[in-house]
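Only one structure is covered here, and it is reproduced in the block below.
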Amino acid sequence: MQDFSASVRGLLRWHTRHGRSDLPWRRRRTAYRTLVSEFMAQQTQVGRVVQKFNAFMARYPTVGALAAGPRAEVLRAWRGLGYNARAIRLHAAATMVMTLHRGRIPRDARALRALPGVGPYTAAAIRAFAYDLDDLPVDVNIGRVLHRAFFGLEHPPKASLAKLAALGLQHAGGGYRIASALMDLGAALCTARKPLCGRCPLRRGCAAAPVDALELDALRAARKRPAAIPFKETARHARGRIVDRLRALAPRERISLLDLHYELRDELAQRSLEQMRVLVDALQRDGLVLLQGEDVSLP
DNA sequence: AAACCGGGGAA
DNA sequence: TTCCCAGGTTT
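Residue numbers (the numbering used here): 301 to 599.
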């Protein structure tokens with residue numbers, strides 16, 4: 301794409317009509333709300349985050365309230381979102397904001413990156429969305445849009461995320477609006493499977509348009525994929541089931557490893573008690589469970 | 001660079 | 001069933 305800046309005008313026009321302006325963290329935009337929404341949305345589809353977000357904000361309205369909340373309760377509030385380590389990191393980040401930054405979520409990229417769970421994407425997202433700085437958070441959507449526009453179909457990728465961010469920013473200017481617009485475009489039109497190039501404001505000059513869905517499928521199928529073992533048999537699934545059982549405990553209540561193993565026998569795919577203990581040990585190292593003697597609880 | 005970290009919804 | 005998703009951390 302040679303003339304991205306000319307297309308940006310059309311992109312913004314499209315965004316005014318079709319953007320997701322109803323998202324709760326866009327309706328009322330604060331740094332804290334941005335922080336929480338970004339943690340929740342890491343590898344999780346936005347539509348499923350919305351309800352969880354509202355409940356979470358009602359319970360933890362400020363970064364101070366979140367920092368003050370017991371970790372086990374934050375883990376409970378995280379139920380249904382998956383990637384439980386994110387809840388631990390969010391809580392730790394809130395604590396760090398209170399102790400190191402007087403309760404103010406930093407604008408500085410380095411300070412943001414120093415928070416647990418904040419990488420290049422989330423730091424840029426907070427800077428762009430919360431502070432309207434000229435930074436581009438390249439998520440899977442924006443990465444796909446820019447890659448297609450400048451390089452063509454994304455399989456195999458021809459540019460790094462950092463390079464795509466630089467290309468997008470070179471012509472963009474204005475953090476919040478351009479990032480939201482590119483993101484929404486990736487979610488609504490420039491989708492992974494069936495792009496709707498006919499409606500796309502960037503189609504003129506796009507290196508990929510019009511995308512042939514069959515060609516896209518063929519390219520994806522050509523990718524090597526790891527051997528498919530049933531998800532129910534993965535350690536990931538078992539870990540999730542263990543943490544979820546512990547969520548059902550009352551505060552400070554514990555359950556013995558023996559009872560836990562018995563109750564979860566159908567969810568653990570024939571794992572022995574000793575194999576389950578290995579999983580619990582790993583969960584403890586990750587800060588997701590607390591093992592005291594033979595009794596387990598949330599940390 | 002590759003592996004690991006969950007779960008739900010859509011195709 | 002498989003694919004996909006507002007990524008980050010560890011090895």
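Beta carbons: idealized from backbone N, C-alpha and C, even for Gly.
As the structure is a computational prediction, the values presented were derived from the model and not from experiment.
- The shortest CA-to-CA distance from Q351 to any of Y421, S337, M398 and V363 is the one to S337.
- Apart from sequence neighbours up to five positions away, the residues of its chain that approach V346 with a beta-carbon distance below 8 angstroms are R320, L323 and A487, ordered along the chain.
- In its chain, beyond the 5 residues on either side, H455 have a beta carbon closer than 8 angstroms to the beta carbon of A522.
- With 16 or more neighbouring CB atoms inside 10 Å of its own CB, L482 falls in the buried class.
- Contact check for I478 and V374: beta-carbon distance about 33 angstroms, past the 8 angstroms limit, so the pair fails to qualify.
- Burial is judged here by how many other beta carbons sit within 10 angstroms of a residue's own beta carbon; Q570 has fewer than 16 and is exposed.
- Looking at the DSSP output, I555 shares a beta bridge with V596.
- L590 is bridged by DSSP to S597.
- Proximity of the segment 565-581 to the segment 510-522 falls short of the contact definition, fewer than three beta-carbon pairs being nearer than 8 angstroms.
- Taking the Cα of L568 as reference, the smallest distance to any Cα among F339, P530, A492 and A538 is reached at A538.
- According to the DSSP assignment, K463 belongs to the alpha helix (DSSP H) that extends over L461 to H471.
- Contact annotation, L390 with R407: C-beta distance approximately 19 angstroms; criterion of less than 8 angstroms not satisfied.
- Annotation for V543: the continuous alpha helix (DSSP H) segment containing it runs A535 to R547.
- Take the alpha-carbon of A367 and the one of C497: they are about 45 angstroms apart.
- DSSP, reduced to helix, strand and coil, places V438 outside both helices and strands of the structure shown, so it counts as coil.
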